[in-house]
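Let me begin by presenting the structure, written as structure tokens, before commenting on it.
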Amino acid sequence: MKKKLLSAILAIVLSMAMVNPVLADSKSACVAIGADNTDAQLKRVYSYFNIKRGDVEETVVTNEDEREYLEGAVSLDKIGTLALSSVYVQEETSGGIDLETHNIDWVTDEMYKSALGTAGIKNAKVIVAAYTPVSGTGALTGIYKAYETATDTSLDEAAKTTAVEEVVVVGELQDAIGDDAVNIINSLKGEIAQTKTMNDDQIRELIVVTAEKYDTVLDDQQIEEILTLVNKFNELNMDPDTFIKLMEAGQETQGFFQQVQTFFAEIGNFFNNLK
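FYI, the numbering for the sequence shown is -24 to -1, 1 to 251, going by mature numbering (1 follows the signal peptide of the UniProt record, and there is no 0).
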């Protein structure tokens, strides 16, 4: 009886885990390594990528490369003086951004996904890793370089710079208000068709209203920083649907894990009642 019950539970859990599977066709791949890693450190990084060094094309990112996009936008303590983060990027034909991180302690997965959408990367498997904890801001440069090498294309320079600034604004906002920071920004990016026709005062009002939807009150400085970012979004050729889907995907993921949590709580109660 217990075996049959456990088998049934396992089948239910597996079926829940397979909700909305993402199937993507692989195309090209590249690794961008931080120039200041030792061979031993890179061996650990490649273990996170789950490939052997030499399996895919490799390019190098220096601290100077990172500063090209970060200097003036990111505090020096977050830039550092060494290029340590490395990335694996595999172009996909569909499926959005499939991203995972290892030893990245400031930039979140959702921040990366949103910024990559801003930079023009829509479908890719991305792994960001370092042998030791780092902020992760410099990894954006590696992602750009690896993606452009893998796809033999060039991303728009203005879009890349704006994506870096987005990470900074969202990161600081997240430090202040929590995880809804990226949702607020993605909501605003989903309104690009409207914000392109608005003046600054109208955009400020939209920023306030959007934040209120997430039970958040922004101060004047935060509003101005977001306003500057929105005006830069308005200058880019971005598809608002990309960010609407990102936000919806995040909400679906939260809902799924809430279902799993509730499910296991009910299982625990069931077994307690059997005692």
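We put the CB at the ideal spot given by N, CA and C, even for glycine.
| query | result |
| --- | --- |
| DSSP beta-bridge partners of leucine 75 | Val102 |
| Length-filtered (3 minimum) beta strand (DSSP E) runs lying within the segment 98 to 147 | 100 to 110 |
| Separation of glutamate 181 from valine 7, as counted between CA atoms | 43 Å |
| Coil, strand or helix - alanine 16 by DSSP | helix |
| Distance between serine 23 and alanine 11 (C-alpha atoms, nearest Å) | 18 Å |
| Cβ-Cβ distance between leucine 75 and valine 102 below 7 Å | yes |
| Opening and closing residue of the beta strand (DSSP E) in which serine 62 lies | 62 to 68 |
| Among Gln150, Lys165, Ala5, nearest to aspartate 85 - alpha-carbon criterion | Gln150 |
| Beta-bridge pairing of isoleucine 80 - partner residues as DSSP gives them | Val110 |
| Straight-line gap, threonine 171 to leucine 205 (C-alpha atoms, nearest Å) | 12 Å |
| Contacts around tyrosine 120, its chain only, beta-carbon distance under 7 Å, and the 5 residues preceding and following it disregarded | Ala95, Leu131, Lys136 |
| Counterpart residues of glycine 96 in DSSP-defined beta bridges | According to DSSP, which records beta bridges pairwise, glycine 96 is partnered with nothing at all. |
| Limits of the beta strand (DSSP E) - the one that threonine 35 falls within | 33 to 37 |
| C-beta contact flag for glutamate 124 and alanine 91 at 7 Å | no |
| Candidates Glu200, Ala157, Ile202, Glu201: closest to asparagine 191 by CA position | The sequence shown places aspartate at residue 191, not asparagine. Ranking Glu200, Ala157, Ile202, Glu201 by Cα distance to aspartate 191 puts Ala157 first. |
| Residue 252 versus asparagine 99: straight-line alpha-carbon distance, rounded | Residue coverage of the chain in this structure runs from -24 to 251, which leaves residue 252 outside it and unanswerable. |
| Counted within 10 angstroms of its Cβ, other Cβ atoms place serine 51 as buried (16 or more) or exposed | exposed |
| Any alpha helix (DSSP H) of 4 or more consecutive residues that is wholly inside the segment 158 to 229 | 168 to 171, 176 to 189, 196 to 210 |
| Contact check, glutamate 42 vs glycine 114, beta carbons under 7 Å | yes |
| Rounded distance between the beta-carbons of threonine 127 and serine 4, thought under 8 Å | 6 Å |
| Reduced DSSP secondary structure (H/G/I, E/B, other) of isoleucine 153 | helix |
| Selected residue, minimal CA-CA separation from tryptophan 82, among Val104, Gly71, Gly93 | Val104 |
| Residues of its chain near leucine 203, where Cβ-Cβ distance is below 7 Å and the 5 sequence neighbours each way are ignored | Asp176, Ile179, Arg180, Ile183 |
| Selection from Phe25, Phe209, Asn26 that minimises the alpha carbon distance to alanine 169 | Phe209 |
| Separation of valine 144 from glutamine 197, as counted between CA atoms | 14 Å |
| Residue burial classification, residue 257 (beta-carbon count within 10 angstroms, cutoff 16) | A question about residue 257 goes unanswered here, because the residues of the chain that appear run from -24 up to 251. |
| DSSP beta-bridge partners of isoleucine 9 | Val36 |
| Spatial distance of glycine 72 from methionine 87 (CA atoms) | 14 Å |
| Nearest-angstrom Cα separation, counted from alanine 139 out to lysine 89 | 10 Å |
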